[in-house]
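Going down the list, the sequences are from chains P and W.
In terms of full-length UniProt numbering, the first sequence opens at residue 1 and continues consecutively.
In terms of full-length UniProt numbering, the second sequence opens at residue 1 and continues consecutively.
No residue lacks a Cβ here, since even glycine has one placed at the ideal position from N, Cα and C.
Have a look at the structure below, then the notes.
Protein chains: 2
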Amino acid sequence: MKSRKPTIKDIARRLDISVSTVSRALRNADDINPVTRRKVLELAEKIGYKKSVLAAGLASKKSYLIGVIIPEITVPFFGTVIMGIEEFLKPLGYDLIILHSDENVTTESDCIDLLIDRQVDGIMISLSMNTKEDDHLKKAMEEEIPVVIFDRYLPDSILPIPRVIIDDFDAGYQATNHLINKGYKRIAFITGPVDMFISQQRQEGYVRAMERHGRSTSADLIVPATDLRRSVGTALDKLMVLKNRPDAILAFNDPIAFKLMRLLHKREIKIPKEVAVMGISGDDMGELFYPSLTTIAQPAKDMGYWAANLLKDRMDAMKKAKDEGKVFIPMSIQKFLPIQLIQREST
Amino acid sequence: MKSRKPTIKDIARRLDISVSTVSRALRNADDINPVTRRKVLELAEKIGYKKSVLAAGLASKKSYLIGVIIPEITVPFFGTVIMGIEEFLKPLGYDLIILHSDENVTTESDCIDLLIDRQVDGIMISLSMNTKEDDHLKKAMEEEIPVVIFDRYLPDSILPIPRVIIDDFDAGYQATNHLINKGYKRIAFITGPVDMFISQQRQEGYVRAMERHGRSTSADLIVPATDLRRSVGTALDKLMVLKNRPDAILAFNDPIAFKLMRLLHKREIKIPKEVAVMGISGDDMGELFYPSLTTIAQPAKDMGYWAANLLKDRMDAMKKAKDEGKVFIPMSIQKFLPIQLIQREST
DNA sequence: GAATTTACCGGTAACGTTTCCGGTAACGTT
DNA sequence: AACGTTACCGGAAACGTTACCGGTAAATTC
Chain P
1 MKSRKPTIKD IARRLDISVS TVSRALRNAD DINPVTRRKV LELAEKIGYK
51 KSVLAAGLAS KKSYLIGVII PEITVPFFGT VIMGIEEFLK PLGYDLIILH
101 SDENVTTESD CIDLLIDRQV DGIMISLSMN TKEDDHLKKA MEEEIPVVIF
151 DRYLPDSILP IPRVIIDDFD AGYQATNHLI NKGYKRIAFI TGPVDMFISQ
201 QRQEGYVRAM ERHGRSTSAD LIVPATDLRR SVGTALDKLM VLKNRPDAIL
251 AFNDPIAFKL MRLLHKREIK IPKEVAVMGI SGDDMGELFY PSLTTIAQPA
301 KDMGYWAANL LKDRMDAMKK AKDEGKVFIP MSIQKFLPIQ LIQREST
Chain W
1 MKSRKPTIKD IARRLDISVS TVSRALRNAD DINPVTRRKV LELAEKIGYK
51 KSVLAAGLAS KKSYLIGVII PEITVPFFGT VIMGIEEFLK PLGYDLIILH
101 SDENVTTESD CIDLLIDRQV DGIMISLSMN TKEDDHLKKA MEEEIPVVIF
151 DRYLPDSILP IPRVIIDDFD AGYQATNHLI NKGYKRIAFI TGPVDMFISQ
201 QRQEGYVRAM ERHGRSTSAD LIVPATDLRR SVGTALDKLM VLKNRPDAIL
251 AFNDPIAFKL MRLLHKREIK IPKEVAVMGI SGDDMGELFY PSLTTIAQPA
301 KDMGYWAANL LKDRMDAMKK AKDEGKVFIP MSIQKFLPIQ LIQREST
């Protein structure tokens, strides 16, 4: 019960071989006789040996820990992304430290520091809504920790960081197109915070689609929900005082759309008869609402999977460069994931 | 750029003191001159020293990592619990490894193994819906890793594990009471999986409240949603074929209630006019639905906070016992958290 | 048949802390 | 004046693994 945990030394002693041989056997390195390897593995199993990740990490300067930073932990979308990340990384022996920035640059930066302290092998991050520069990411790169970004990113970053994203312009464009095809005349757009890049992109997609169909895009019809939550109310207020009310509203994302539908219900405005509503995200929840929400689905799980994939590539490339004594020159990569229109009752 | 990271030794050398002194200064131990301490801290700050958690962990046999296992990562309730956990544990220097069992005992057990391998300092877990025994938890305790349970637990476990829970019987009771007071006559209950303990408890609370008000609780009115999701449909079907349809339905939890409302809408049954709906959880989402969902709120964040608190206590007690050379005798503790009725439009 | 690989293994020094055991000097105490 | 305390610090051994270098014997090459 109390007995000390078996170590690599115990195995070495009992098999009368050296610890280095045991170590090699255990991590399936080359330069090892298959027979000895089997013996080691068997004994290890028998005496219930567990490798100390701590010691191994210290010696090899790896932690087998990957840090994941998301804006909010209660948002299902990010939960699904994480499932994708795990699917890829867990079989490889990595574990995740999941952190959330609370949509706040400062905490986001703290998260990075924390992960650096933890000596994680890699960082995956989706930027907070008010992150406007990426000095904190630079810090991580200076520590030679590979970073990848997913979903929320900075457009004009000079940092060579791979990202897995969707074409947000296209999302806005397609959504608007759908609304137009459905015959709605005055289509409004509720954006996110004005300086949030992916929000701008979706908005541009919206504008472009409108213009292409010869619709006016008067500034009236574009209102921001600056904090992605409470401010939806004031956004809607602005739309409802217009002499010409919109007959359809496209929201920057699903959560806003949910909130929006709620507010319309309160005003006893019929959806979609009087006003149609549409979101962008593809949250499963949308199916349960009444009416169910038409939306543009982002492949959340794939996004996690691919981001993890890219991270692994980068980690490998870095290791290879180091082994060969070369300097690793990181490059930016963009991977776009396909989006999909999900037509439901709200339009 | 490439320069080696500063270590405790560098500080020692530059200050011409020993590493042990530096170590003491850094972790604010006693037996240290405040002046030297300040000097060390200043230099550390200046040269950007970061302690290696790995090395510290190896030497002190601590990892400063806490494992958290939840059934599903996309459920907001658990996300909120995690926020509570972090609030307590982060200031203490602990980080979280968050794992999800996917409502599956086997993966749950794997998670435990993984956490043991990682040498976490503690484990916090909410049991999966089909966990019926806790041998895997026993394993963790044998490794002398403190465990606490929150929300979903096993009733008759002989393991001395502290738990932070709500009075599920009372939740069922109060919910039913509310429905009765509101004047509903035939109240149905959609349970979770039949052998899930907290589901049974809520059901008993329901039954008890019914009996107390002289209501019949015919078996017809109690139907299970065995997988907490899809099966809600068949559950509702069973209720709708009754000659005497219920005029109110209490769901085991909010997600089921959401699904339920959706299905009622599809059948064009008015909520709450024809059938009232009520949940138990207190998900924020409930507010956004139409009609908004009446529910019994569990204090999710507090639950995380208190569970973390209990874990810390246990870790400290264990350390103390070890320091004094005594055997630590763990005890079960139950901490009940208050629940609260949130009346909304669905009743 | 000598020279060169190849396959496998051992010894030892890291890795960056903490912990334990002493030791010294200054200060009180009687 | 001798002794015990107190406050502070240093040395060295862990902690459990990996990395590196070198060595031996067998296998391969010419």
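Query: Distance between Arg245 (chain W) and Thr234 (chain W) (C-alpha atoms, nearest Å); Result: 15 Å
Query: Secondary structure of Ile11 (chain P), DSSP reduced to three states; Result: helix
Query: Assigned secondary structure, Lys335 (chain W) (DSSP; H/G/I helix, E/B strand, else coil); Result: strand
Query: Proximity below 7 Å, CB of Met285 (chain W) to CB of Pro146 (chain W); Result: no
Query: Chain P contact residues for Gly57 (chain W), given Cβ-Cβ distances below 8 Å; Result: Leu54
Query: Cβ pair Pro6 (chain W), Tyr49 (chain W) closer than 7 Å; Result: yes
Query: Burial state of Gly93 (chain W) (16 or more Cβ within 10 Å); Result: exposed
Query: Leu137 (chain P) versus P:Val105, P:Val35, P:Val207, residue with shortest Cα-Cα distance; Result: P:Val105
Query: DSSP three-state assignment for Gln340 (chain P), whether helix, strand or coil; Result: strand
Query: Cβ pair count under 8 Å reaching 3, the stretch 336 to 344 of chain P against the stretch 111 to 127 of chain P; Result: no
Query: Distance between Pro330 (chain P) and Leu311 (chain P) (C-alpha atoms, nearest Å); Result: 12 Å
Query: Closest by C-alpha distance to Phe197 (chain P), when choosing among P:Val327, P:Phe252, P:Ser52; Result: P:Phe252
Query: Closer than 7 Å to chain P by CB, His265 (chain W); Result: yes
Query: Cβ pair Leu179 (chain W), Ile166 (chain W) closer than 7 Å; Result: no
Query: For Phe88 (chain P), three-class secondary structure by DSSP; Result: helix
Query: Beta-carbon proximity of Ala171 (chain W) to Ile280 (chain W), cut-off 7 Å; Result: yes
Query: Where Lys2 (chain W) sits in the DSSP three-state scheme; Result: Per-residue confidence for Lys2 (chain W) stands at a pLDDT of 47, beneath the threshold of 50, marking its modelled position as unreliable; the derived number appears in the next sentence. Residue state, collapsed to three classes: coil.
Query: Met240 (chain W) - DSSP class collapsed to helix/strand/coil; Result: helix
Query: Simplified DSSP assignment, three categories, for Gly93 (chain P); Result: coil
Query: Contact test: Asp237 (chain P) Cβ vs the ligand MN heavy atom, cutoff 6 Å; Result: As far as ligands go, the structure on display features none, and thus does not contain the ligand MN.
Query: Where residue 363 (chain P) falls, given that 16 or more other Cβ within 10 Å makes a residue buried; Result: Within the shown structure, residues of chain P are numbered from 1 to 347, placing residue 363 (chain P) beyond reach of any answer.
Query: Thr217 (chain W) - DSSP class collapsed to helix/strand/coil; Result: coil
Query: Pair within 7 Å by beta-carbon distance, Met261 (chain W) and Val277 (chain W); Result: yes
Query: Chain P contact for Glu305 (chain W) (CB, 7 Å cutoff); Result: The sequence given here has Tyr at residue 305 (chain W), not Glu. Not an interface residue.
Query: Thr294 (chain P): first and last residue of the uninterrupted beta strand (DSSP E) it sits in; Result: 294 to 297
Query: Contacts around residue 390 (chain P), its chain only, beta-carbon distance under 7 Å, and the 5 residues preceding and following it disregarded; Result: Summary: the structure shown does not reach residue 390 (chain P), with chain P confined to residues 1 through 347, and so no result is reported for it.
Query: Inter-residue spacing [alpha-carbon to alpha-carbon] between Lys2 (chain W) and Gly57 (chain W); Result: In this prediction, Lys2 (chain W) has a pLDDT of 47, which is less than 50 and means its spatial position is unreliable; nothing more can be read from the coordinates.
Query: Pro291 (chain P), DSSP secondary structure in three states; Result: coil
Query: Cβ-Cβ separation, Ile97 (chain P) to Ala307 (chain P) (assumed contact under 8 Å), whole Å; Result: Actually they are not in contact, since the Cβ atoms of Ala307 (chain P) and Ile97 (chain P) sit about 15 Å apart, beyond 8 Å.
Query: Short CB-CB distance (under 7 Å) between Thr7 (chain W) and chain P; Result: no
Query: Minimum Cβ-Cβ distance from Arg262 (chain W) to chain P less than 7 Å; Result: yes
Query: Buried versus exposed, by CB contacts within 10 Å (16 or more), Ile158 (chain P); Result: exposed
Query: Through-space distance from Ser218 (chain P) to Pro291 (chain P), alpha-carbon basis; Result: 28 Å
Query: Beta-carbon gap between Phe88 (chain P) and Asn309 (chain P) smaller than 7 Å; Result: yes
Query: Arg202 (chain P) and Asp156 (chain P) closer than 7 Å at C-beta; Result: no
Query: Cβ-Cβ distance between Ile256 (chain W) and Val223 (chain W) below 7 Å; Result: no
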